[in-house]
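In the working numbering, the protein residues as written are 52 to 355.
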C-alpha cells in the first residue's frame with residue numbers, strides 16, 4: 052500500500068480478557084481515554100471501545116513514528132477523532148484516520164491525503180415487527196430511488212440486506228465529510244450496478260470524484276466492508292489508490308509499548324435499535340470512506 056494508507060480490521064468475538072488483562076491493555080492508553088471505555092456497562096461494549104482506541108494509537112505510532120506517550124487524540128464536535136499535531140512536523144500533513152466498532156469487529160483506516168471514514172453496522176432481523184414495518188420507520192432518510200430498490204427485493208431478508216447497505220453507505224459518506232447527526236441523509240442518494248460502480252448524488256448532483264466498494268471481511272463473518280474514496284484530481288495512479296483502499300489487514304492482536312406524527316429515529320438511535328431488536332445475524336456491513344482532506348480540517352478527520 053501507499054505510505055500512510057492503512058486498513059486494519061480486528062475480530063474481537065473470541066477475545067475474552069480477564070479483569071487483569073483488560074486493565075493491563077487499558078493502561079497502555081492515556082488516562083483521559085479510560086473513562087470513555089469504562090462508561091460502558093457491558094463487557095463486550097468495553098472491549099469494542101478499548102480495541103478501537105488501541106487501534107488508533109497503534110496506527111498513529113506505526114505510520115508517523117510518534118511515541119505512544121506523545122500521541123494526543125481528540126474529537127471534533129461531531130465526534131470524529133483526530134491527531135493533535137499543532138507543534139509537530141508530520142510526515143503527512145493531511146494525515147487522518149477513522150475508526151468504527153460494532154458487533155464482532157473493530158476497524159480503522161488511515162489516509163495521507165484523502166479524508167477517510169469508517170462505519171460498521173451489524174445486520175440483524177427485527178423481532179417484534181415485520182421487515183417492512185422496521186424499514187418504514189426510516190422513511191425520511193432515503194430517496195424514492197433508494198426505496199424502490201429496497202422494496203424491490205425478493206424477500207424480507209433481501210430487503211433488509213439492501214436497506215443496511217444503503218444505510219451504511221450514507222453513514223460512511225457523512226462520516227467522511229465530518230458532518231454531525233443533523234445532516235439530511237435523504238439528500239444523499241446512491242446509485243449502483245448490482246452494488247458495483249457505486250456513485251452518489253447530493254441534492255440531485257452527482258459527485259464524480261467519489262468511489263465506493265462493498266466487500267466481505269470473511270465468509271464466516273457477519274460484516275461487509277464498504278470503502279469510499281474521493282480522489283484528488285492530481286492523484287497518480289488513481290486506480291492504484293482505489294485498489295489499495297479496498298483491502299483490509301486482519302489483525303489477531305495489537306502491539307503497543309507502554310411524535311401524532313411517528314417520530315423517525317435519529318442516526319444515533321439506529322445502532323441501538325438494531326442491536327436491541329436483533330434475532331439472528333445476516334451478513335452485516337462495514338463501511339469505510341474518504342474524501343480530500345483539508346489541512347485545516349485534519350489539523351483539528353411499497354409495503355402495504
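Quick reminder that beta carbons are idealized off the backbone N, C-alpha and C, glycines included.
Exposure label - residue 178; buried when at least 16 CB within 10 Å: Numbered from 1 along the chain shown, position 127 holds the residue referred to as residue 178. It is exposed - the Cβ of residue 178 has fewer than 16 other Cβ atoms within 10 Å.
Residue 60 beta carbon less than 7 Å from that of residue 156: Here residue 156 is taken as the residue at index 105 of the chain shown, counted from 1. Here residue 60 is taken as the residue at index 9 of the chain shown, counted from 1. Yes. Within cutoff.
Exposure label - residue 152; buried when at least 16 CB within 10 Å: For the purposes of this step, residue 152 is identified with residue 101 of the chain shown, where counting begins at 1. Its Cβ being crowded by 16 or more others within 10 Å, residue 152 is buried.
C-alpha distance - residue 141 paired with residue 58, whole-angstrom precision: Within the chain shown, numbered from 1, the residue matching residue 141 stands at position 90. Within the chain shown, numbered from 1, the residue matching residue 58 stands at position 7. Each residue's Cα considered, the two are about 20 Å apart.
Counted within 10 angstroms of its Cβ, other Cβ atoms place residue 258 as buried (16 or more) or exposed: Counting from 1 along the chain shown, the entry for residue 258 is found at position 207. Exposed.
Sequence ranges, beta strand (DSSP E) only - wholly within the stretch 67-139, length at least 3: 124-126, 132-134
Residue 264 vs residue 251 beta-carbon contact at 7 Å: In the chain shown, counting from the first residue as 1, residue 264 sits at position 213. In the chain shown, counting from the first residue as 1, residue 251 sits at position 200. No, the Cβ-Cβ distance between residue 264 and residue 251 is not below 7 Å.
Alpha-carbon to alpha-carbon, residue 132 and residue 150: Numbered from its first residue, the chain shown carries residue 150 at position 99. Numbered from its first residue, the chain shown carries residue 132 at position 81. Taking the straight line joining both Cα atoms gives about 8 Å.
Neighbourhood of residue 91 by C-beta, 7 Å cutoff - its chain only, sequence neighbours within 5 removed: By one-based count along the chain shown, residue 91 stands at place 40. The answer, listed in chain order, is 97, 100.
Own chain residues within Cβ distance below 6 Å of residue 182, not counting five before or after: Here the question's residue 182 lines up with position 131 in the chain shown. Once the five neighbours on either side are set aside, the close Cβ partners of residue 182 are 207, 210, 211.
Residue 234 (DSSP reduced to helix, strand or coil): If you number the chain shown from 1, residue 234 lands on position 183. Three-state result, residue 234: coil.
Selected residue, minimal CA-CA separation from residue 83, among 248, 67, 122, 118: Position 32 of the chain shown, counting from 1, holds the residue named residue 83. The shortest Cα separation from residue 83 among 248, 67, 122, 118 belongs to 122.
Between the CA atoms of residue 103 and residue 87 - distance to the nearest angstrom: Mapped onto the chain shown, residue 87 falls at position 36. Mapped onto the chain shown, residue 103 falls at position 52. Rounded to whole angstroms, residue 87 to residue 103 spans 11 Å at the Cα level.
Supposed contact pair residue 193 and residue 217 - C-beta distance, whole angstroms, cut 8 Å: Translated into the one-based positions of the chain shown, residue 217 becomes position 166. Translated into the one-based positions of the chain shown, residue 193 becomes position 142. The pair is a contact, with the Cβ atoms about 6 Å apart (cut-off 8 Å).
Residue nearest to residue 144 in terms of C-alpha spacing, selected from 124, 165, 154, 246: Locating residue 144 in the chain shown gives position 93, counting from the first residue. Taking only the C-alpha atoms, the option nearest residue 144 is 165.
Classification of residue 240 by the beta-carbon crowding that lies within 10 angstroms, buried from 16 upward: By one-based count along the chain shown, residue 240 stands at place 189. Under this definition residue 240 is a buried residue.
Spatial neighbours of residue 117 in its chain, beta-carbon cut-off 7 Å, leaving aside the 5 residues before and after: Sequence index remark: in the chain shown, residue 117 carries index 66 (1-based). 111.
Whole-angstrom distance between residue 201 and residue 244, CA atom to CA atom: Within the chain shown, residue 244 is the residue found at index 193, counting from 1. Within the chain shown, residue 201 is the residue found at index 150, counting from 1. Residue 244 and residue 201: Cα-Cα distance of roughly 14 Å.
Length of the line joining the Cα atoms of residue 167 and residue 70: Translated into the one-based positions of the chain shown, residue 167 becomes position 116. Translated into the one-based positions of the chain shown, residue 70 becomes position 19. Taking the straight line from one Cα to the other gives about 34 Å.
Which of helix, strand or coil DSSP assigns to residue 201: By one-based count along the chain shown, residue 201 stands at place 150. Residue 201 falls in the helix class under three-state DSSP.
Chain-order list of residues whose beta-carbon lies under 8 Å from that of residue 108 (same chain, five-residue window excluded): To locate residue 108, count along the chain shown from 1; it is residue 57. The residues are 79, 80, 119, 122, 124, 307.
Residue span of the alpha helix (DSSP H) that contains residue 207, given as start and end: Residue mapping note: residue 207 aligns to position 156 of the chain shown, counting from 1. Segment 207-227, the alpha helix (DSSP H) holding residue 207.
Three-way DSSP call (helix, strand, coil) for residue 141 in this model: As a first step, residue 141 is located in the chain shown; it is residue number 90 there, counting from the start. Correct three-state label for residue 141: coil.
Residue 161 versus residue 139: straight-line alpha-carbon distance, rounded: The residue labelled residue 161 in the question sits at position 110 within the chain shown. The residue labelled residue 139 in the question sits at position 88 within the chain shown. Taking the straight line from one Cα to the other gives about 18 Å.
Opening and closing residue of the alpha helix (DSSP H) in which residue 187 lies: Taking the chain shown and counting its residues from 1, one reaches residue 187 at position 136. Where residue 187 is concerned, the enclosing alpha helix (DSSP H) stretches over 182-187.
For residue 159: DSSP bridge partner residues: In the chain shown, the residue the question calls residue 159 occupies position 108. DSSP output for residue 159 lists 59, 150 as bridge partner(s).
Continuous beta strand (DSSP E) stretch holding residue 247: start and end: Your numbering for residue 247 matches position 196 in the chain shown. Start and end: 247-253.
Paired residues, beta bridge with residue 240 - DSSP: In the chain shown, residue 240 corresponds to position 189, counting from 1. BP columns for residue 240 point to 252.
Cβ shell of residue 66 (< 7 Å), same chain only, five flanking positions each side left out: Stepping through the chain shown from its first residue, residue 66 is reached at position 15. These residues qualify, in order along the chain: 98.
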